[in-house]
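Take a look at the structure set out below.
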Amino acid sequence: MTPAGRFAPSPSGELHVGNLRTAMLAWLFARSTGRDFLLRVEDLDRARAGAEAEQLRDLEAVGLTWDGAVVRQTDRGAVYAEAIGRLAAAGLTYECFCTRREIQEAPSAPHAPQGAYPGTCRNLDPAELEFKRSTRPAAIRLRAEVAEYTVRDVLHGDFTGVVDDFVLRRNDGVTAYNLAVVVDDAAQGVDQVVRGDDLLPSTPRQAYLAGLLNIPVPEYAHVPLVVNSDGARLAKRDGAVTLTDLARTGVSAADVRNLILQSLGLPAGTLENALAEFRPADLPREPWVWTGPSAARERTLAAPPA
Ligand SMILES: [Zn+2]
76 MTPAGRFAPS PSGELHVGNL RTAMLAWLFA RSTGRDFLLR VEDLDRARAG AEAEQLRDLE
136 AVGLTWDGAV VRQTDRGAVY AEAIGRLAAA GLTYECFCTR REIQEAPSAP HAPQGAYPGT
196 CRNLDPAELE FKRSTRPAAI RLRAEVAEYT VRDVLHGDFT GVVDDFVLRR NDGVTAYNLA
256 VVVDDAAQGV DQVVRGDDLL PSTPRQAYLA GLLNIPVPEY AHVPLVVNSD GARLAKRDGA
316 VTLTDLARTG VSAADVRNLI LQSLGLPAGT LENALAEFRP ADLPREPWVW TGPSAARERT
376 LAAPPA
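So the mapping is simple: our numbering equals the position in the sequence shown, first residue as 1, plus 75.
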């Protein structure tokens, strides 16, 4: 299997400038290291009809190319079940019946990190287990044997984060993101994961889980997000942030591509052209502040034509 990087959007709506920038970075990281670049649609949750086609169209519009067929997580339930089965056979899972509220209200164990699962269902006796099974469907949790784990990130160096008994399969039967992402990356030969740095805190859980499944841990690069002028993560409510909306204000897909390249300290033009100048060590480490389409138009006009 050819080593690969990837972009893995959730098809919840059109991509915005921040998503496109992360996708372009993932492409630059992959292509600059001779890797394939794969697309995976993370549609286990929050999928909106038609969004996948819009997202692929927008990725093409900014010049991204990818290898092979697009993989969809909803086609892979059997693979996830097999992985959870392997963990269960090794005694590394248990059933959890807690509601969100019960978890919030449970007294946390001493020294337990904020937000970590308090372990309520970790050691239920057979009678308790039987009773709870009669009351509601169970989620499946990992029986973690560590409290934290350290990963190495190309941009962040060593990062140590919480590993708790996180959910592998929700009680509605949907496979949890942390399990699916680890299994899918391994199955697709993905050995380089480039994504937004809001996902860095969950990365130790995934790397720890990969070890339990005898899967090699990929190289990680968590890249800065795009934020609005208030410093909050860019979102659809921040006005014209998708290619469709920006086109209506006179900012083309090529303009967006060039603005993103400039924000990365790279020359405007094609992605192939930018590839020659791409150095991960030179990337800006701060979030990129998106100040709206009129500022984007001015910067586009100020830039030399590409
Ligand atoms: Zn529980």
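Built from N, CA and C at the ideal position, the CB exists for glycine as well. In this text, all values refer to a predicted model and were calculated from it rather than measured experimentally.
Own chain partners of residue i with C-beta closer than 6 Å, once the 5 adjacent residues on each side are dropped
| i | result |
| --- | --- |
| S85 | E117 and R121 |
| W363 | V301 and S338 |
| D111 | T77, A79 and D142 |
| R211 | F172 |
| D313 | N303 |
| E129 | E89 |
| D266 | P78 and P293 |
| T225 | D233 and T235 |
| L440 | The first residue shown for the chain is 76 and the last is 381, placing residue 440 beyond what the model contains. |
| M99 | I335 |
| L103 | F353 |
Distance CB(residue i)-CB(residue j) smaller than 8 Å
| i | j | result |
| --- | --- | --- |
| Y169 | A219 | no |
| V326 | P368 | yes |
| D142 | L95 | no |
| V237 | P193 | no |
| L275 | A158 | no |
| R216 | D240 | yes |
| L119 | V249 | yes |
| V269 | A101 | yes |
| L334 | R374 | yes |
| A214 | R245 | yes |
| A136 | L318 | yes |
| G271 | T97 | yes |
| R208 | L288 | no |
| D330 | A371 | yes |
| A261 | I290 | yes |
DSSP state of residue i mapped onto helix, strand, coil
| i | result |
| --- | --- |
| A307 | coil |
| R96 | helix |
| L113 | strand |
| G264 | coil |
| A214 | strand |
| E294 | strand |
| V269 | strand |
| G190 | coil |
| V326 | coil |
| V257 | helix |
| T174 | coil |
| V331 | helix |
| G80 | strand |
| W363 | strand |
| T108 | coil |
| T278 | helix |
| T319 | helix |
Residues near residue i in its chain [Cβ-Cβ closer than 7 Å; skip 5 each side]
| i | result |
| --- | --- |
| D357 | G340 |
| G138 | R332, T345 and L346 |
| G264 | M76, T77, P78 and A79 |
| A328 | A136, V137 and L318 |
| S107 | L350 and F353 |
| E223 | T235, G236, V237, V238 and P279 |
| L199 | K207 |
Chain-order list of residues whose beta-carbon lies under 8 Å from that of residue i (same chain, five-residue window excluded)
| i | result |
| --- | --- |
| L309 | H91, V92, G93, L300, V301, V302, N303, V316 and W365 |
| R115 | R81, F82, A83, V145, V146, R147, Q148, D259 and Q263 |
| P359 | P299, S338, L339 and G340 |
| Q281 | N253, V256 and V257 |
| R123 | P86, S87 and G88 |
| G286 | V292 |
| A181 | C173, P193 and T195 |
| L131 | L114 and V145 |
Exercise. Give every residue whose Cβ lies closer than 6 Å to any heavy atom of ligand 2, listed in chain order.
Key: Summarising the ligand content, the structure contains ligand 1 and does not contain ligand 2.
Self-check item: contact_flag[the stretch 149-165, the stretch 343-362] where n(CB pairs < 8 Å) is 3 or more
Solution: no
Quiz item: What runs of the beta strand (DSSP E), each 3 residues or longer, lie entirely inside the stretch 224-254?
Solution: 232-237 and 242-244
Self-check item: Every unbroken beta strand (DSSP E) inside the stretch 122-172 [3 residues or more]
Solution: 168-171
Quiz item: Does the stretch 289-298 come within contact of the stretch 217-235, defined as at least 3 CB pairs closer than 8 Å?
Solution: yes
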